[in-house]
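Novice: The opening residue of the sequence shown carries number 3 in the numbering used here; numbering runs sequentially from there.
Where a beta carbon is used, it is the ideal one built from N, C-alpha and C, also for glycine.
Remember, it's a predicted structure, so these values are computed and weren't measured experimentally.
Have a look at the structure that comes next, please.
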Amino acid sequence: MFKIKKGDTVKVITGKDKDKEGKVVSVDRKAGKVVVEGVNMVTRHTKPSAANPNGGIVQKEAAIDASNVMYVHKGKATRIGFRIEGDKKVRIAKSTGEVID
3 MFKIKKGDTV KVITGKDKDK EGKVVSVDRK AGKVVVEGVN MVTRHTKPSA ANPNGGIVQK
63 EAAIDASNVM YVHKGKATRI GFRIEGDKKV RIAKSTGEVI D
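Here it is, written out as structure tokens:
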């Protein structure tokens, strides 16, 4: 089970965007990568298309490795663990022990 999910708020812990926070836009479980809003911005030169009639230079987010981000719980970066509650497996914040979702 992947610890980071789409919609989570995460903090970048290493790399050029260290200490930036953002919401997870997408998760690639197979490659172990996540795309975070406003983090790891790259420049793409695009051809004109129906969606973008002028083409030109576009800034967009690129994927970063999931190991380079930490979940943010109550304003603090924390590790994530799992616990069985009843018959459900839930994510918990390691710092507080509280159930995340």
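1. Let's test the definition: count the other Cβ atoms within 10 Å of the Cβ of Met-43 and tell me whether it reaches 16, buried, or not, exposed.
2. Tell me the rounded alpha-carbon separation between Val-92 and Arg-85.
3. Classify Asp-10 as buried or exposed, calling it buried when 16 or more other Cβ atoms lie within 10 Å of its own Cβ.
4. Tell me the DSSP bridge mates of Asp-30?
5. Tell me the start and end of each unbroken beta strand (DSSP E) in the segment 38-95 that is at least 3 residues and wholly inside, in chain order.
6. Report the three-state DSSP secondary structure of Glu-100 (helix, strand or coil).
7. Can you tell me where the beta strand (DSSP E) holding Thr-11 begins and where it ends?
8. When the Cα atoms are used, what is the spatial distance from Gly-57 to Lys-49?
9. Reducing DSSP to helix, strand and coil, say where Gly-24 ends up.
Specialist: Let me lay it out:
1. Indexing the sequence shown from 1 puts residue 43 at position 41. Counting Cβ neighbours within 10 Å, Met-43 comes out exposed, since fewer than 16 surround it.
2. In the sequence shown, the residue the question calls residue 92 occupies position 90. In the sequence shown, the residue the question calls residue 85 occupies position 83. Put simply, the backbone Cα of Val-92 is about 5 Å away from that of Arg-85.
3. By 1-based counting over the sequence shown, the position of residue 10 is 8. Asp-10 should be labelled buried.
4. Numbered from its first residue, the sequence shown carries residue 30 at position 28. The partner list for Asp-30 (beta bridge, DSSP) reads Lys-35.
5. As far as the segment 38-95 is concerned, its whole beta strand (DSSP E) runs of at least 3 residues are 43-48, 58-63, 71-75, 78-80, 82-87 and 90-95.
6. As a first step, residue 100 must be located in the sequence shown, where it is residue number 98. The three-state secondary structure of Glu-100, taken from DSSP, is coil.
7. Position 9 of the sequence shown, counted from the first residue, corresponds to residue 11. From DSSP, the beta strand (DSSP E) with Thr-11 extends over 11-14.
8. Position 55 of the sequence shown, counted from the start, is the residue given in the question as residue 57. Position 47 of the sequence shown, counted from the start, is the residue given in the question as residue 49. When rounded, the distance between both Cα atoms is 5 Å.
9. Here residue 24 corresponds to residue number 22 of the sequence shown, with the count starting at 1. Strand, per DSSP.
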